[in-house]
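See below for the structure under consideration.
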Amino acid sequence: MSQRIVIVGAGNTGCELAERLAVRHQVILVDKRAESLQRYGNPLETSGQEPLAAGPRGIVAVVGDGTSRLVLKTLLDPDFHCALVAVAGNDDVNLEVGRLGRSFGFDPVVAIQHHSEQEERYREEHITALDRSRLLADYVERSLRHQGAVVPAGIGLGKGELVEIRLVRTSPVIDRPLKNLAPYRWRVAAVFRQDELIVPTGETTLQVDDRVLLVGDCKILPTVAEYLRLGTPQFPRPFGPNVVTLELGGPDEALHAEADGLACRSGAAHLVRGTPGGVDEAPPQEEEPLAAPLCQGRVERASFALPRPTEPDFEQKISMQRPGVLVLRPSARRLSSRLLGLRGKDAEICDRFEVPVLFARGSWPYEKILLPVSESELNIRSAETAIDLTRQIGASLTAVNVDLPRYISGLPDEVIHQEVVPIRRLCELYEVPLDYHHHEGNPVQHLLAEASEHDLVIMARRRGRRDNYFDPDVALRIARAAACSVLVLTVWPQE
């Protein structure tokens with residue numbers, strides 16, 4: 002049976018509701034004022050005749066009194082499942098409309114309740130009443146709790162697991178395929194672009210002013226929404242909420258102190274310490290966003306017993322800590338491994354977890370950050386993280402590019418320096434000052450020389466790559482040899 006929905010009251014609420022419902026149902030909009038119905042064509046007068054002609058927006062506009070028995074009886078049709086909605090600006094009117102509708106057999110009967118003291122009267126008449134003040138207060142509270150995002154009410158669990166955001170120009174996900182976001186415990190459910198609904202796939206790219214519907218764990222969704230909407234500094238999110246140390250050789254107080262400093266200055270929720278034989282203490286649940294703002298200068302602490310890398314539960318145990326960054330010491334690499342191009346322990350750890358790995362050298366606080374750039378498409382990935390962290394901790398950022406000597410490459414200046422152009426634009430977007438250095442010669446030697454003047458180097462590498470004399474894994478070589486700490490982002494093939 003088809004559904005007919007009769008809406009009494011052609012104010013802003015009634016008209017908006019009618020236009021939304023007319024896409025799927027036959028909608029009849031009733032109001033005593035003919036001028037309120039003009040947008041829907043010539044309104045019909047109720048005279049006992051069945052109104053059939055819909056206006057230009059698919060809505061049948063009827064001039065009539067919704068509290069009249071004759072009007073409502075005329076609009077009731079046994080061939081339709083008829084629902085009634087009363088959205089007049091007065092509780093007495095809505096109550097009378099609802100009472101008559103119930104007596105004629107409209108089902109369901111829904112009304113807007115304007116004053117809370119009328120709640121009992123609506124209940125006595127078996128009318129589903131929606132308290133206007135409570136609805137507005139609920140939406141405002143949810144919007145504040147979710148950093149200005151729109152949180153649907155009355156859908157799902159009603160705990161904020163659905164959030165709609167509008168992307169602005171500073172969003173870091175503009176023009177990036179959704180598959181590159183690597184979501185964990187959340188997903189992009191729909192994209193609304195102008196008047197079009199886009200059911201997203203991994204290849205869908207987002208644009209400025211897109212309205213994006215997110216679904217996920219209500220504990221982390223506010224943080225995800227804020228990062229996607231504005232690009233607010235979130236490191237180590239959205240990789241994960243926690244800074245996790247891997248003290249493979251036993252308790253390392255210097256390493257733990259560096260991790261502690263990073264956790265307190267970043268957007269981390271917890272600092273989780275992993276040591277062989279340590280006590281398993283699961284990280285506490287994340288607090289509500291309003292109760293625990295990001296970058297608050299302190300984090301919750303937890304610990305766990307760190308297995309050996311060769312043990313079967315090594316990866317699972319670490320993943321259970323929800324790391325956003327792993328902190329450990331760089332390991333030495335055997336000569337035979339270097340000659341044969343075999344991956345060492347550092348590469349194994351980088352390749353097993355989809356999170357950045359910080360090879361700590363005790364150079365905290367990070368006042369000067371170095372960002373090597375090259376012709377690789379990995380530039381943007383490492384630049385995004387470098388800019389995010391620079392903004393959080395108030396550091397300075399330097400980009401360095403190392404090329405072959407000019408007499409060998411023969412490249413003109415505009416080609417040599419083009420790698421830094423997108424980095425400059427990204428820095429301008431986030432208002433981060435950028436210093437730029439250029440060198441010619443051996444990349445590893447020049448990068449190590451630059452690193453000696455900085456506190457942190459941020460580099461990206463491909464997952465699963467080999468490391469030999471002719472094709473070095475530069476990021477991990479710098480991590481092993483640099484005097485300062487090095488943050489390595491491993492990009493997986495699908496990215």
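In the working numbering, the protein residues as written are 2 to 496. Glycine is no exception: its CB is placed at the ideal position from the N, C-alpha and C atoms. Predicted, not measured: the structure shown is a model, and the values here were computed from it.
Boundaries of the alpha helix (DSSP H) in which residue i is found, first to last residue
{"i": "A348", "result": "346-353"}
{"i": "D93", "result": "92-105"}
{"i": "G262", "result": "254-266"}
{"i": "Q27", "result": "No alpha helix (DSSP H) holds Q27; the beta strand (DSSP E) holding it covers 27-32."}
{"i": "D389", "result": "380-394"}
{"i": "E451", "result": "444-452"}
{"i": "G251", "result": "Unbroken run through G251: none, as it is neither H nor E."}
{"i": "L477", "result": "475-482"}
{"i": "R122", "result": "120-125"}
Residues near residue i by beta carbon distance below 7 Å, same chain, minus five either side
{"i": "G278", "result": "A306"}
{"i": "A480", "result": "P331, D347, F360, V487, V489"}
{"i": "S37", "result": "A11"}
{"i": "E17", "result": "none"}
{"i": "V200", "result": "A191"}
{"i": "R122", "result": "L96"}
{"i": "A484", "result": "R362, A452, S453"}
{"i": "V24", "result": "none"}
{"i": "I175", "result": "L168, L207, Q208, V209"}
Residue range of the beta strand (DSSP E) that includes residue i
{"i": "H82", "result": "81-87"}
{"i": "E316", "result": "From DSSP, E316 is part of no beta strand (DSSP E) but of the alpha helix (DSSP H) over 315-320."}
{"i": "R21", "result": "Here R21 belongs to no beta strand (DSSP E); instead the alpha helix (DSSP H) covers 13-22."}
{"i": "L307", "result": "Run containing L307: none; DSSP gives neither H nor E here."}
Distance between beta carbons of residue j and residue i, contact taken as under 8 Å
{"i": "L215", "j": "W187", "result": "6 Å"}
{"i": "H447", "j": "H440", "result": "4 Å"}
{"i": "N243", "j": "V273", "result": "5 Å"}
{"i": "D139", "j": "Q114", "result": "That pair is no contact at about 14 Å."}
{"i": "G465", "j": "D352", "result": "6 Å"}
{"i": "L263", "j": "W365", "result": "7 Å"}
{"i": "A269", "j": "P234", "result": "Not quite, the Cβ-Cβ distance comes to about 12 Å (not below 8 Å), so this is no contact."}
{"i": "R70", "j": "L101", "result": "6 Å"}
{"i": "E581", "j": "R212", "result": "A query on residue 581 cannot be resolved here, the shown segment of the chain reaching from 2 to 496 and no further."}
Cβ neighbour criterion (16 or more within 10 Å) applied to residue i
{"i": "E120", "result": "exposed"}
{"i": "G363", "result": "exposed"}
{"i": "S453", "result": "exposed"}
{"i": "R500", "result": "Limits of the chain in this structure are 2 at one end and 496 at the other, which puts residue 500 out of reach."}
{"i": "N380", "result": "buried"}
{"i": "L435", "result": "buried"}
{"i": "E289", "result": "Note that E289 scores 40 on pLDDT, short of 50, meaning its location in the model is unreliable; the coordinates nonetheless yield the value given after this. Looking at its Cβ environment, which holds fewer than 16 other Cβ atoms inside 10 Å, E289 is exposed."}
{"i": "Q1", "result": "As shown, the chain starts at 2 and ends at 496. That puts residue 1 outside it, with no answer to give."}
{"i": "H271", "result": "buried"}
{"i": "R170", "result": "exposed"}
{"i": "L137", "result": "exposed"}
Sequence-distant residues of the same chain with beta carbon closer than 6 Å to residue i, five excluded per side
{"i": "T14", "result": "V88"}
{"i": "H26", "result": "Q4, I6"}
Beta bridge counterpart(s) of residue i as assigned by DSSP
{"i": "M460", "result": "V489"}
{"i": "I530", "result": "Residue numbering for the chain in the displayed model covers 2 to 496; residue 530 lies beyond these limits and cannot be assessed."}
{"i": "I6", "result": "V28, A84"}
{"i": "P178", "result": "T206"}
{"i": "Y1", "result": "No statement about residue 1 is possible, as the shown extent of the chain runs from 2 to 496 and does not include it."}
{"i": "W187", "result": "G217"}
{"i": "K369", "result": "S397"}
{"i": "R194", "result": "E197"}
Chain-order list of residues whose beta-carbon lies under 8 Å from that of residue i (same chain, five-residue window excluded)
{"i": "R133", "result": "I113, Q114, H115"}
{"i": "V492", "result": "L379, R382, A461, R462, R463, R464"}
{"i": "K369", "result": "A396, S397, T399, E454, H455, D456, L457"}
{"i": "V98", "result": "V9, G67, T68, L73, L85, A87, A89, A112"}
beta-carbon residue i near the ligand GDP non-hydrogen atom, thresh 7 Å
{"i": "R177", "result": "The ligand GDP is not among the ligands present in this structure, which contains no ligands whatsoever."}
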